[in-house]
Amino acid sequence: AAGVIQSPRHLIKEKRETATLKCYPIPRHDTVYWYQQGPGQDPQFLISFYEKMQSDKGSIPDRFSAQQFSDYHSELNMSSLELGDSALYFCASSRGLATGELFFGEGSRLTVL
Amino acid sequence: KQEVTQIPAALSVPEGENLVLNCSFTDSAIYNLQWFRQDPGKGLTSLLLIQSSQREQTSGRLNASLDKSSGRSTLYIAASQPGDSATYLCAVRRVGETSGSRLTFGEGTQLTVNP
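These protein sequences, in sequence, are chains A and B.
Each residue of the first sequence is one higher than the one before, counting from 739 in our numbering.
Each residue of the second sequence is one higher than the one before, counting from 50 in our numbering.
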């Protein structure tokens with residue numbers, strides 16, 4: 739069965755650089771979520787989109803932005819990267835906004851040097 | 050604000066033992082609760098989803114229960130195996146006008162099953 743696809747899987751950037759992560763949801767899933775997981779921490783919600791509109795916003799820094807496109811894939815853009823942005827970034831998708839089961843991708847590991 | 054707590058933080062058991070992981074949440078107005086498994090440096094694998102109207106869900110050796118009124122869920126693992134070793138995360142979806150879509154995670158229980 740098709741799963742959530744994230745790219746790239748690994749990314750190394752310097753401080754103050756920019757990075758873009760991509761997420762391709764499971765077919766027919768209309769909701770995408772972004773989470774950030776630091777070492778030894780639980781995943782922290784960043785932002786979500788339903789039918790290409792932002793549906794919820796969590797602890798996403800102002801330096802980050804995201805959007806969902808017409809084909810339902812989503813991109814997380816991160817600018818002015820800081821050392822503290824080093825983390826595993828997960829994308830998840832579901833069908834529907836409230837009661838659907840969330841399925842997570844394998845994550846994109848960002849290292850900021 | 051929804052807070053999710055998991056007890057114990059870590060658990061080590063011999064192979065074959067039955068075990069229970071606990072999850073509690075502060076706001077009982079939830080859509081559902083989901084249990085995940087995470088291997089080190091890997092993604093989150095959904096194990097069980099319990100809707101707010103349900104009391105329990107079963108999948109193979111796993112059984113999850115939900116007591117929404119008391120804000121508690123348990124994950125029961127029968128006949129544990131070394132391959133069950135991983136971090137188990139509980140997450141809830143709170144009802145709300147703008148926050149109904151997010152999952153709030155607990156900090157997880159790190160399980161080690163010894164051969």
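For glycine and all other residues, C-beta sits at the position ideal for the given N, C-alpha and C.
Residue 32 of chain B - containing beta strand (DSSP E), residue span: Any question about residue 32 of chain B goes unanswered here, given that chain B covers just 50 to 164.
Residue from B:111, B:64, B:78 with nearest C-alpha to residue 85 of chain B: Indexing the second sequence from 1 puts residue 85 of chain B at position 36. The candidate whose alpha carbon is nearest that of residue 85 of chain B is B:111.
Cβ of residue 156 of chain B within 7 Å of any chain A Cβ: On the second sequence, position 107 is the one that residue 156 of chain B refers to. Interface residue, yes.
Sequence ranges, beta strand (DSSP E) only - wholly within the stretch 109-133 of chain B, length at least 3: Correct list: 111-116, 121-126.
Test item: CB-CB of residue 691 of chain A and residue 763 of chain A under 7 Å: Absent from the structure is residue 691 of chain A, since the part of chain A shown begins at 739 and ends at 851.
Residue-level contact to chain A via CB, residue 109 of chain B, 7 Å cutoff: In the second sequence, the residue the question calls residue 109 of chain B occupies position 60. Output row for residue 109 of chain B: interface = no.
Under 8 Å by beta carbon: chain C residues contacting residue 95 of chain B: Any reference to chain C falls outside this structure, whose protein chains are A and B.
Interface partners of residue 809 of chain A on chain B, CB under 7 Å: Residue 809 of chain A sits at position 71 when you count from the first residue of the first sequence. Ordered by position in chain B, no residue passes the 7 Å Cβ test against residue 809 of chain A, which lies about 20 Å from the chain.
Close beta carbons around residue 164 of chain B, own chain, < 6 Å, minus the five adjacent residues each side: If you number the second sequence from 1, residue 164 of chain B lands on position 115. For residue 164 of chain B, the CB contacts under 6 Å within the same chain, skipping 5 residues up- and downstream, are 64, 131 in chain order.
Inter-residue CB distance, residue 120 of chain B and residue 138 of chain B (contact presumed, cutoff 8 Å): The residue labelled residue 120 of chain B in the question sits at position 71 within the second sequence. The residue labelled residue 138 of chain B in the question sits at position 89 within the second sequence. Not a contact, Cβ separation roughly 17 Å.
Three-state secondary structure assigned by DSSP to residue 821 of chain A: Here residue 821 of chain A refers to the residue found at position 83 of the first sequence. Of the three classes helix, strand and coil, the one that applies to residue 821 of chain A here is helix, per DSSP.
Residues near residue 849 of chain A in its chain [Cβ-Cβ closer than 6 Å; skip 5 each side]: By one-based count along the first sequence, residue 849 of chain A stands at place 111. Within the same chain, residue 849 of chain A has close Cβ partners 750, 824.
Chain B contact for residue 822 of chain A (CB, 7 Å cutoff): Mapped onto the first sequence, residue 822 of chain A falls at position 84. For residue 822 of chain A, the answer is no, since every Cβ of chain B falls outside 7 Å of its Cβ.
Interfacial residues, the stretch 788-817 of chain A to chain B, with Cβ spacing under 9 Å: Residues 788, 793, 794, 795, 796.
Contact the stretch 71-85 of chain B vs the stretch 52-60 of chain B: 3+ CB pairs below 8 Å: Touching, yes, given that three or more Cβ pairs across the two stretches are closer than 8 Å.
Selection of the stretch 78-93 of chain B by Cβ proximity to chain A, strictly under 8 Å: Considering only beta carbons, the part of the stretch 78-93 of chain B lying closer than 8 Å to chain A consists of 80, 81, 83, 85, 90, 91, 92, 93, in chain order.
Alpha carbon of residue 159 of chain B to alpha carbon of residue 58 of chain B, nearest angstrom: In the second sequence, the residue the question calls residue 159 of chain B occupies position 110. In the second sequence, the residue the question calls residue 58 of chain B occupies position 9. Going from the Cα of residue 159 of chain B to the Cα of residue 58 of chain B covers about 6 Å.
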